[in-house]
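K.L.:
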Amino acid sequence: MRTETGTTFQLSDYRESDFIVDAVDLTFRLDPERTEVVSTLTVRRRPGVSPDAPFVLDGDEVELKSVSVDGQTMAEEDVAETGNGLRLSNLPGQAAFSLTITSEIAPERNTQLMGLYRSSGVYTTQCEAEGFRRITFFPDRPDVLAVYTTRIEADRESAPLLLANGNCIETGDLGEGRHYAVWHDPHPKPSYLFALVAGDLGVLEDDFTTASGREVALKIYVEHGKEARAAYAMDSLKRSMRWDEERFGREYDLDIFMIVAVSDFNMGAMENKGLNVFNDKYVLADPEIATDADYANIEAIIAHEYFHNWTGNRITCRDWFQLCLKEGLTVYRDHEFSADQRSRPVKRIAEVRLLKAHQFPEDAGPLAHPVRPDRYREISNFYTATVYEKGSEVVRMIATLLGEDGFRKGMDLYFDRHDGEAATIEDFLACFEDATGFDLGQFRLWYDQAGTPVVSVSTVWDPGSRRFTASFEQSVPATPGQAKKDVMHIPLRFGLVLPDGSEAEPTSVTGARVTDDVLHLTQRSQTVQFDGVSARPVLSLNRGFCAPINVHFEQAPADLAHLARHESDPFARWQALNAYAMRVLVEAVAKERAGGTVDVDPALAETMIATAEDETLEPAFRAQALALPGENDIAREIGNDIDPDAIFAARRAVQTVIGKTGAEIFARLADTMETPGAYSPDAASAGKRAFRHALMTYLSLADASPARANEAFAAADNMTDLSQPLLLLAHFFPESEGANAALATFEERFHDTPLVIDKWLSAQATAPGAATLERVRMLMEGEHFSRSNPNRVRALIGAFAAGNPTGFNRADGAGFAFLADEVLAIDGRNPQVAARLLTTMRSWRSLEEGRRRHARAALERIAAADKLSSDVRDIVDRTLA
Ligand code: 0A1
Ligand code: ZN
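In my numbering, the protein residues as written are 685 to 1565.
#1: Which first and last residues belong to the alpha helix (DSSP H) in which residue 1025 is found?
#2: Return yes when the Cβ of residue 790 is within less than 8 angstroms of the Cβ of residue 708, no when it is not.
#3: Using 8 angstroms as the threshold, is the C-beta distance between residue 1524 and residue 1485 below it?
#4: Leaving out the 5 sequence neighbours to the left and right, which residues in its chain are closer than 6 angstroms to residue 1140 when beta-carbon positions are compared?
#5: On the DSSP letters alone, give me the boundaries of the alpha helix (DSSP H) that residue 1097 sits inside.
#6: Counting only runs that start and end within the segment 786–870, where is the beta strand (DSSP E) found for 3 or more residues in a row?
#7: Closer than 7 angstroms to a non-hydrogen atom of the ligand 0A1 - does that hold for the CB of residue 952?
#8: DSSP on residue 942, reduced to helix/strand/coil?
#9: What residues in its chain sit with their C-beta under 7 angstroms from that of residue 1129, if we drop five residues either side in the sequence?
#10: So what does residue 992 bridge to, in DSSP terms?
#11: Identify whether residue 672 lies in helix, strand or coil by the three-state DSSP scheme.
#12: Please determine whether the Cβ atom of residue 1419 lies at a distance below 7 angstroms from any heavy atom of the ligand 0A1.
#13: For residue 911, name the three-state secondary structure that DSSP assigns.
#14: Which same chain residues, not among the five before or five after residue 1187, have their C-beta less than 6 angstroms away from its C-beta?
#15: Given this structure, state the Cα-to-Cα distance separating residue 1556 from residue 1522, to the nearest angstrom.
#16: Name the DSSP bridge partner or partners of residue 1154?
#17: Please name the residue, chosen from 1047, 1251, 951, that lies closest to residue 674 on a Cα-to-Cα basis.
#18: Among all the DSSP beta bridges, which residues are the ones paired with residue 890?
#19: Quick check on the burial criterion: 16 or more other C-beta atoms within 10 angstroms. Buried or exposed for residue 1371?
#20: Assuming residue 1076 and residue 1131 are in contact, meaning their beta carbons sit under 8 angstroms apart, how far apart are those beta carbons, in whole angstroms?
#21: Beta-carbon of residue 1321 versus every beta-carbon of chain D: anything under 8 angstroms?
#22: So, is residue 692 buried or exposed, given that buried needs 16 or more other C-beta atoms within 10 angstroms?
#23: So what does DSSP say about residue 1448, is it helix, strand or coil?
#24: Kindly give me the distance between the Cβ atoms of residue 1270 and residue 1322, rounded to whole angstroms, as I take these residues to be in contact under 8 angstroms.
#25: Buried or exposed: which applies to residue 1070, given that a residue is buried once 16 or more other Cβ atoms fall within 10 Å of its Cβ?
#26: Report yes if the C-beta of residue 1042 is less than 7 angstroms from at least one heavy atom of the ligand 0A1; otherwise report no.
#27: Could you spell out where the alpha helix (DSSP H) holding residue 1117 opens and where it closes?
#28: Rounded to whole angstroms, what's the CA-CA distance from residue 823 to residue 1308? Just pull it up for me.
#29: Does the beta-carbon of residue 1516, which I'm using as the reference point, lie nearer than 7 angstroms to any heavy atom of the ligand 0A1?
#30: Between the beta-carbon of residue 1268 and the beta-carbon of residue 1338, is there less than 8 angstroms?
#31: Check the DSSP bridge columns for residue 1230 and list the partner residues they point to.
#32: For residue 996 and residue 1009, I'd like the C-alpha separation in whole angstroms.
#33: Which residue wins for smallest C-alpha separation from residue 1342, given the options 1116, 1360, 1373, 1290?
#34: With a CB to CB cut of under 7 angstroms and the five nearest residues on each side skipped, what residues in its chain are close to residue 923?
#35: Can you look up residue 767 in the DSSP assignment and give me helix, strand or coil?
#36: Can you check whether the CB of residue 1535 is closer than 8 angstroms to the CB of residue 1475?
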């Protein structure tokens, strides 16, 4: 395990590597305990580098056997093992040379799941960010691009399938039950995109013809017998390939594209060149095992990894500080893909909910960092919502600023100018500026300044002069290492909605630049006058959640209700309704804490019911409209001195009032949302199911009875319709007979399908209340849990810590103590999973005093442990700082 070194890496320290590696030839002699890796590098000293400079290679848990240069074994005194790699001295000064390193690794003992490891008997690799150094000694940094040839030797029986990046150029028999395959990838790539898979797997095959006529073989490898469950992933892949051609003019560039599904994986999936490796959760689906949400995730992640072929692989990152260059951009691309495949406004609502639930709290807490961080101790801890999701929002703002054509021109120039290179954010931004002439000088602060900007708004309507005035004040909260912030360029889509629902068209706007429907805030405070407005308008601000900011705007409930009913853009309708509900919920929490009875503004319930009834809106949208902000959203809005029990009680009370008020209408609507015939995962059918479930939740609360959920559970013929009532029973009627029976039935039916059992674990782990912790402990003792499988850990412990505010934040601190125990227990096997689990403590300072004290004690106990991975050390130190 890489334990803490205390080294901080800084963006400002970047230097090109002294040596250039043109080619990498690898031979793997696979064996679970003792895999021999022979790596031959074709190396040149970079012009200008001193002929005495040593060649420094990274290495982690690799056993060195020998090193030779141009066939000659190197002298012992020229080979220094440094603890984190090799330092080779006395190498040729000018001429290119060939460096051969023989070493050994033990895939079977690799529990970190970084480097070469085994998952259910299959050899697989994960090299991003710094896993290649766990396979062989190498300058393991993304700006060292080389052409790879990989020879794999293995037992034919246990590993009939031998895969690596690129095209297979040779196969053969080695006798004694062993065989080999050689793969060549003609595209120069960084080491983090290397991949190898060897094992016995089934395959689903298809093909794709690119726009220019290249025939591409498509293969998805899964456990034998599960091939049919890869059909939706295959369909998503083909749609992604077509979409990238049509939308961005990007074609695939090899003759084969492979995806391998494995059951032990630290993240979602990995974009290795031509050989994506996936967490099987994001490949396998059929109506019996996958929910609508699973289908949507598969589609999005298949697309994401495929899109990396251009944004990440053909153009990669110069260094890991530039991670958002590939991730933010690729998330933006997968968001656009899903929006085109499904409903754009509904997709946008889901994105914004996710951004606010994950990125906003990160940006407001001790782990806040810029979209492009300027320092890190452990890069694995920077695969964050900020780099991915906020990174995507920043790209979306560039598209807003430049318009569709300008954005496409900038992207075309980026692909053209940097193909085959390792680029930076500066390179990326320069393409948009050069292609359009747009000045992104102030805008680039979005990459370097952490914290969610706040825009405070106040408005005045003067009927006499027909002038509407809006005043804006922007600020960015202090974040770790950044006390003072500069003024940002914030683009805001807006509209002035008139009493009849139409849009005002002011005769003049002064005080801010306005382009089309975008208002540009570029100063700390700005007063904008809209003249010639025919009647008092309601300001609709940040349409489409154009900028990822917090808006402080005391809009009257009647104005929010007006927008919720009349906005032309459905996303903005949802946004207004959500803001209105949030207002009511925050007031309800204050009442609850003061010991009063929670009452609900009847106009909120009416607006929600009217939206639910609005036949012009698609069911998926109406489902979103009915979903109140979650407990964590409310906590974030309140900001400090959080009592999760009060939030829970107040929210439940509001939900119940809405359910009772709307009961008759909801019951009628629920009957119209049938999806007859065989299950189909399409967005329209999924939307109906989501709406029906939202209605059923309100109705069950209104009836104070699990009867509807029991009935729905019994009638379900697909996983979506089965898991929704299961959750309803487990969370709303946990003591009922039906809840226990449903959990037992579910377990009985799916006990041999771990991916489905994860849903069963999560449903129980997220049941509100103090008693759940004991349930989680009990489940950990049961047959379905294993600390060594990341999906199980996330489904049980992760779901408990991140998705159960009342249970995890128990007033006695037992939830925090439990998490600390688990982080320490898991850290020894898998530091990445342990560190990620620990990030669930990031908002501890906003809790009320008693809970805060317990949280601190748990964190301090972790910090005091004698042996921590660098991953956990980094998170615990920053969380406590
Ligand atoms: N690049 C992948 C995510 C990924 C990152 C790190 C990993 O191991 C530490 C694995 C996957 C993506 O964006 O999909
Ligand atoms: Zn990615």
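Glycine included, each C-beta is placed from N, C-alpha and C at the ideal position.
P.N.:
In short, the structure shows the following:
#1: Here residue 1025 is taken as the residue at index 341 of the sequence shown, counted from 1. Residue 1025 -> alpha helix (DSSP H) spans 1007–1025.
#2: Along the sequence shown, read from residue 1 onward, the residue named residue 708 stands at position 24. Along the sequence shown, read from residue 1 onward, the residue named residue 790 stands at position 106. Their beta carbons are not under 8 angstroms apart, which means residue 708 does not touch residue 790 by this criterion.
#3: Taking the sequence shown and counting its residues from 1, the one referred to as residue 1524 is at position 840. Taking the sequence shown and counting its residues from 1, the one referred to as residue 1485 is at position 801. It is a contact, given that the beta carbons lie within the stated cut-off.
#4: Residue 1140 sits at position 456 when you count from the first residue of the sequence shown. The residues are 1157, 1236.
#5: As a position in the sequence shown, residue 1097 is number 413, starting the count at 1. Run containing residue 1097: 1075–1102, per the alpha helix (DSSP H) assignment.
#6: 799–803, 806–810, 830–839, 845–848, 851–859
#7: Along the sequence shown, one-based indexing puts residue 952 at 268. For residue 952, the distance from the CB to the nearest heavy atom of the ligand 0A1 is below 7 angstroms.
#8: Counting from one through the sequence shown, the residue named residue 942 turns up at place 258. Here residue 942 sits in strand by DSSP.
#9: Counting from 1 along the sequence shown, the entry for residue 1129 is found at position 445. Counting only Cβ-Cβ distances below 7 angstroms, and skipping sequence neighbours, we find 1170, 1172.
#10: On the sequence shown, residue 992 is found 308 positions in, with the first residue counted as 1. In the DSSP output, where bridge partners are listed per residue, residue 992 has none listed.
#11: With the chain covering 685 to 1565 only, the question about residue 672 has no answer from this structure.
#12: Against the sequence shown, residue 1419 aligns to sequence position 735. Placement of the Cβ of residue 1419 at a distance of 7 angstroms or more from every heavy atom of the ligand 0A1 is found.
#13: The residue you call residue 911 lines up with position 227 of the sequence shown. Helix, per DSSP.
#14: Residue 1187 sits at position 503 when you count from the first residue of the sequence shown. The residues are 1179.
#15: Looking up residue 1556 in the sequence shown gives position 872. Looking up residue 1522 in the sequence shown gives position 838. Computed Cα separation, rounded: 8 angstroms.
#16: As a first step, residue 1154 is located in the sequence shown; it is residue number 470 there, counting from the start. Answer by DSSP bridge pairing, in chain order: 1143, 1212.
#17: With the chain represented from 685 up to 1565, any question about residue 674 goes unanswered, as that position is not in the structure.
#18: The sequence position of residue 890 within the sequence shown is 206, counting from 1. In the DSSP output, where bridge partners are listed per residue, residue 890 has 902.
#19: Here residue 1371 refers to the residue found at position 687 of the sequence shown. Residue 1371 comes out buried.
#20: One-based indexing of the sequence shown puts residue 1076 at position 392. One-based indexing of the sequence shown puts residue 1131 at position 447. Contact doesn't hold; Cβ gap of about 13 angstroms is too wide.
#21: Here chain D cannot be found, since the structure has a single protein chain.
#22: Within the sequence shown, numbered from 1, the residue matching residue 692 stands at position 8. Exposed: under 16 other Cβ atoms inside 10 Å.
#23: Translated into the one-based positions of the sequence shown, residue 1448 becomes position 764. Reduced to three states, the DSSP call for residue 1448 is helix.
#24: If you number the sequence shown from 1, residue 1270 lands on position 586. If you number the sequence shown from 1, residue 1322 lands on position 638. Contact flag correct, Cβ pair sits at about 6 angstroms.
#25: Position 386 of the sequence shown, counting from 1, holds the residue named residue 1070. With 16 or more Cβ atoms within 10 Å of its Cβ, residue 1070 is classed as buried.
#26: What you label residue 1042 is simply residue 358 of the sequence shown in a count that begins at 1. Because no heavy atom of the ligand 0A1 lies under 7 angstroms away, the Cβ of residue 1042 does not count as near it: no.
#27: Sequence index remark: in the sequence shown, residue 1117 carries index 433 (1-based). Residue 1117 -> alpha helix (DSSP H) spans 1109–1120.
#28: The residue labelled residue 823 in the question sits at position 139 within the sequence shown. The residue labelled residue 1308 in the question sits at position 624 within the sequence shown. Approximately 48 angstroms between the Cα atoms of the pair.
#29: Position 832 of the sequence shown, counting from 1, holds the residue named residue 1516. Shortest gap from the CB of residue 1516 to any heavy atom of the ligand 0A1: under 7 angstroms.
#30: Counted from its first residue, the sequence shown places residue 1268 at position 584. Counted from its first residue, the sequence shown places residue 1338 at position 654. Taking 8 angstroms as the Cβ cut-off, residue 1268 and residue 1338 qualify as a contacting pair.
#31: Within the sequence shown, residue 1230 is the residue found at index 546, counting from 1. In the DSSP output, where bridge partners are listed per residue, residue 1230 has none listed.
#32: Taking the sequence shown and counting its residues from 1, one reaches residue 996 at position 312. Taking the sequence shown and counting its residues from 1, one reaches residue 1009 at position 325. Their backbone Cα atoms lie some 8 angstroms apart in a straight line.
#33: Counting from one through the sequence shown, the residue named residue 1342 turns up at place 658. Nearest option by C-alpha distance: 1290.
#34: Indexing the sequence shown from 1 puts residue 923 at position 239. Correct list, in chain order: 1025.
#35: For the purposes of this step, residue 767 is taken as residue 83 along the sequence shown, with counting starting at 1. Three-state DSSP puts residue 767 in coil, outside helix and strand.
#36: Sequence index remark: in the sequence shown, residue 1475 carries index 791 (1-based). Sequence index remark: in the sequence shown, residue 1535 carries index 851 (1-based). No, the Cβ-Cβ distance between residue 1475 and residue 1535 is not below 8 angstroms.
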